[in-house]
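Just so you know, the sequences run in chain order A and B. 12 is the number of the first residue of the first sequence in the numbering used here; add one for each residue after it. -9 is the number of the first residue of the second sequence in the numbering used here; add one for each residue after it. Everything below concerns the one structure shown next.
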Amino acid sequence: MNTLLSFEKKAYHIVVMDSESMDYGKIMDEMVNASSKGFRKFTIHVISKTKSPLYLEKLRSLIQNNIAYTITIRHHNYSEEEVKKLLNGLKNIPHKVFEK
Amino acid sequence: MMSNHHGKEFLGFLATGPALNMPEELWLWLGAPKPKVDGEGKPIEAPYGMRKVEAKLLEAGFRVAIVDPDHLHKHLDSMRILMLGHHDYFAYGPPSSEWWMITGKEPINRVSFRKLMESPAVKKAKEKGVKIIAGGPGAWQWLWELEYWRKWGVDLVVEGEVERVIVDIVEKALNNEPLPDYIYVGPQDSPSIEEIPVIKGASVNGLVEIMRGCPRGCRFCPVTLRSLRFIPLEKIREEILVNLRAGIKGVLLHSEDVFLYYAEGVKPNPKAIMKLHKLARELVGEEGAIGWSHLTLSTVKYAEEKYGLVSKLMDEIILTDKQRFIGVQVGVETGSPRLAKLIMPGKAAPYPPEKWPEIVVDAFRIMHENNIIPAATIILGVPGEKPEDVVKTAELLDELKHYRSLIVPMFFVPMGAMKNLDWFRRNNVKAEHIEVMLKTLYHSTFWAEEIMSKYYLHGAKMAPLRIMLKLFIRYVKHRVNKLKPELEKLLRH
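Structure (structure tokens):
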């Protein structure tokens, strides 16, 4: 996680295993929940078979509904190795994983 | 597209429309002529937001330069990151989207941007591994153009104020570290006054920011989401001097409401405003022009009625033998107190929103009497708008017809706290909207000729531009008169 931008190191991280049935409203709920613990910055990691940046279509309304938080969105390829690497890197960082 | 719009920034509105009844090159010359550049293609005047990013990166020790898009090819050998800034990349903002909707033609700002991204210089840069980072006020539009984003290989889109994050982003990009796809910089990461750098090169038409953010909280406006900060006089002085040294003859004071400089809440601080303008006049001299970007109509009324501030400023500082007027953008938005209360409850303050139409008329009168020429906007199709609200706007326009001004209707574009709501579309246009659009057209074309001849474009140097614009206005009038019977039929039904 050395590659994170400085402000992302203070962020709450949300990992999303992207799928057709993923409810992105849950991510907003999680952000509101984390903000009650003092978080104002969020990094959303999307693990998706859909290539970058096309996967952002599903996150558009989440981005549009936000005016309060700093949000960073990162794309990761859909592979077991990539997922392991990401979750390993987030071990000591506050985060939540959404699988579906 | 980079331009100083002949030194008349309001001509920039033409660059948001498609070329109408004339070749694209001529339209661009009218609204956005090519900027003056040095041998390397660096413009003498550059957009202010880009100048801020440039200054931040220069202070951090990077080699950075603003280059006119036509000269990018000169820098292919040294370029590592191509940073894009745009107010309206894809013509989704107001009034581009409205031009597009009415004429059915792609606005020229969108056409020009696409040409740039598909130019050999940008393609070559991408092939060489140059990273592309897009930002600026129009950054949000990329979320609706994901195919172009992919096709052109944009690496990162950043939305919001970037002073606090840009150095970090550029370092990572130069180190070839993975960048996020999208960053929205929230209000808690807005830069402090100390973090906002002084520009190092001249800005378009001498624009200098005097404050950031706005306390009024209008729901359709993105600026109001930012925290309110006042730029100290010392920094303003430095930036005016940067512009004067580059040969710019005046200063354009930029704020969402110039009269709120160091205000307490929404009540103007006359001492601070006088001091700011005295400084500006002292620096630009009697020969130079002082300009304003925006004012709020309630502040105009309050400042004049409570302190006589508008006439004092105009008589004692702004008007000279050389400067005979000042232009400014203002927001009327609606003539309906009900709608005003709903979408912009703070815009009328310190008066109640119920008095909004009266405030607008009083402010227009005050401006007319003091040689202030407003370019005003009206928003049509705001979610929650009812036909009776639009009728009230039409009635207000009747009351404004005696006052020298330009009034432009704009269709609602979801931004600010309303950015999650739906766009106003062509099939939502009702007879009441057409009536308002026609009234604004008659109003603006009536006053435009006088404004151009006596104020805005007077003198021999401006004659070709004035003649072209007059011909264009006559063409628009002619077209509308031809369509009038059909429109009137539509209004009756």
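Beta carbons are placed, not taken as given, at the ideal position from N, Cα and C, and that holds for glycine. Computed from a prediction, not measured in an experiment: that's the story for all the values here.
Counting along the chain, the unbroken beta strand (DSSP E) around Val147(B) starts and ends at 146 to 149. No Cβ of chain A is located within less than 8 Å of the beta carbon of Leu74(B).
Fully contained in the segment 92 to 138 of chain B are the following alpha helix (DSSP H) runs of length 4 or more, in chain order: 98 to 107, 110 to 117.
From the beta-carbon of Thr81(A), the residues of chain B found nearer than 9 Å are Gly150, Val155, Ile173, Tyr174, Val175, Gly176, Pro177, Gln178, Asp179. Nearest in C-alpha terms to Ser59(A), of all of Ala79(A), Leu73(A), Tyr35(A), Val27(A), is Val27(A).
Secondary structure of Val403(B) (DSSP, three-state): coil. Contacts between Ile78(A) and chain B, judged by CB atoms closer than 7 Å, involve Leu215, Ala407 in chain order. By the Cβ test, the segment 156 to 165 of chain B is not in contact with the segment 91 to 105 of chain A, since fewer than three Cβ pairs between them sit closer than 8 Å.
DSSP places Pro364(B) in the uninterrupted beta strand (DSSP E) bounded by 362 to 370. Interface flag for Lys162(B) against chain A is set, since a Cβ pair is found closer than 8 Å. For Thr61(A), same chain residues with a beta-carbon under 7 Å away, outside a window of 5 residues either side, are Asp29 in chain order. By the beta-carbon neighbour count (other beta carbons within 10 angstroms, threshold 16), Thr286(B) is buried. Within 10 angstroms of the beta-carbon of Glu199(B) lie 16 or more other beta-carbons, which makes it buried. Using a C-beta cut-off of 8 Å, the segment 336 to 354 of chain B makes contact with the segment 311 to 323 of chain B, since at least three inter-stretch Cβ pairs fall below that distance. Trp130, Trp132, Leu133, Trp134, Leu136, Glu137, Trp139, Arg140: these are the residues of the segment 127 to 141 of chain B whose beta carbon lies less than 9 Å from some beta carbon of chain A, given in chain order. Looking only at Pro340(B), Gly2(B), Lys64(B), the smallest Cα-Cα distance to Asp28(B) is reached by Lys64(B). In the three-state DSSP reduction, Gln313(B) falls in the coil class, being neither helix nor strand.
Exclusion of the five residues before and after Phe220(B) leaves Met201, Tyr252 as the residues of its chain whose Cβ lies within less than 6 Å of its Cβ. One alpha carbon belongs to Leu234(B), the other to Val274(B), and they sit about 7 Å apart. With at least 16 other beta carbons inside 10 angstroms of its own, Ala22(B) counts as buried. CA-CA distance, Ala81(B) to Gly449(B), rounds to 33 Å.
By the 16-neighbour rule on beta-carbons within 10 angstroms, Gln131(B) is buried. Per the coordinates, the alpha-carbon of Tyr66(A) lies some 48 Å from the alpha-carbon of Leu461(B). Sixteen is the threshold: when 16 or more other Cβ atoms of the shown chains lie within 10 Å of the Cβ of Ile173(B), as they do, the residue is buried. Per DSSP, Met(-9)(B) lies in no alpha helix (DSSP H) and is assigned neither H nor E. Just measuring C-alpha positions, the residue of Phe249(B), Ala339(B), Ser86(B), Val120(B) sitting nearest Gly207(B) is Ala339(B).
For Ile82(A), the enclosing beta strand (DSSP E) stretches over residues 81 to 88.
In this structure, Val152(B) sits away from Arg70(B), with a CB-CB distance that is not shorter than 8 Å. In the structure shown, Lys239(B) falls within a coil segment according to DSSP collapsed to helix, strand and coil.
The DSSP-derived three-state label of Trp282(B) is strand. From the listed residues Leu1(B), Ile34(B), Lys26(B), Asp78(B), the smallest Cα separation to Leu18(B) is found for Leu1(B). DSSP places Val466(B) within a helical segment (H, G or I) once states are collapsed to three. Within 10 angstroms of the beta-carbon of Ser47(A) lie fewer than 16 other beta-carbons, which makes it exposed.
The Cβ neighbour count for Asp67(B), taken over all protein chains shown within 10 Å, is under 16; the residue is labelled exposed.
Bounds of the beta strand (DSSP E) holding Val57(A) are 52 to 59. Listed along chain A, the residues sitting closer than 9 Å to Ile159(B) by beta-carbon distance are Leu16.
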